[in-house]
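Peer 1: This note's numbering applies: residue 91 is where the sequence shown begins, and numbers increase by one. Glycine is no exception: its CB is placed at the ideal position from the N, C-alpha and C atoms. The structure presented is a predicted model; accordingly, all values stated were derived computationally and were not measured. This is the structure, below, for whatever I ask next.
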Amino acid sequence: HRPVWGFIDKTGKIVSDFCFEDEFRASSGALYGALYAKQNVSRARLKRKVFDFSGKLLLDTQNQEVDVFDSGLLAVSNGELWGFVDTNGKLAITHRFSSIQPFHHDYAPVYRGRIFQVIDRKGNVLWSQDRDRVLSSDSK
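What follows is the structure, given as structure tokens:
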């Protein structure tokens with residue numbers, strides 16, 4: 091028997107149906123996860139998508155590799171590079187990163203090849219440095 095998940099607000103009031111399973115991430119009124127599958131489906135085969143808290147589909151991600159979901163932005167790969175879409179599926183930050191990390195307080199660390207950068211939620215580069223200089227322990 092697999093657990094089924096729902097959501098409550100800060101007061102304990104139920105705000106979603108208990109219709110989600112496995113790992114999920116909530117951000118800015120949306121949820122990235124899988125609806126409960128009645129048949130026994132392996133975790134790797136669950137169809138994760140972006141839903142509102144009632145279970146209404148906002149974005150189908152089945153043809154994209156998906157990673158972190160934070161600050162209302164979902165990291166998606168075009169098969170080569172990473173970018174970010176919003177909860178409506180609109181490309182918010184173009185596919186131009188070789189590696190990404192979650193947003194924290196509206197900023198995210200990313201890599202463009204060997205260049206380490208910090209971007210804001212609009213994709214503006216706020217800081218940029220060669221990877222070797224960032225990882226150096228030499229404090230001259």
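Just mark I104 as buried or exposed, buried being the case when its beta carbon has 16 or more other beta carbons within 10 Å.
Peer 2: Position 14 of the sequence shown, counted from the first residue, corresponds to residue 104. Exposed: under 16 other Cβ atoms inside 10 Å.
Peer 1: With the cut-off set at 9 Å, would you say L148 and V140 are in Cβ contact?
Peer 2: Translated into the one-based positions of the sequence shown, residue 148 becomes position 58. Translated into the one-based positions of the sequence shown, residue 140 becomes position 50. Taking 9 Å as the Cβ cut-off, L148 and V140 qualify as a contacting pair.
Peer 1: Quick check on DSSP: helix, strand or coil for D99?
Peer 2: Numbered from its first residue, the sequence shown carries residue 99 at position 9. DSSP places D99 in coil when its eight states are reduced to three.
Peer 1: Select from E170, L163, K146 the residue whose C-alpha is nearest the C-alpha of R202.
Peer 2: Taking the first residue of the sequence shown as 1, we reach residue 202 at position 112. Ranking E170, L163, K146 by Cα distance to R202 puts E170 first.
Peer 1: Can you tell me which of the three DSSP states D67 falls into?
Peer 2: With the chain covering only 91 through 230, there is no way to say anything about residue 67.
Peer 1: Just to confirm my understanding: we take C109, look at its own chain, exclude 5 residues before and 5 after, and list those with CB closer than 6 Å. What are they?
Peer 2: Your numbering for residue 109 matches position 19 in the sequence shown. Excluding residues within five positions, the ones whose Cβ falls inside 6 Å are L125, Y126, G145.
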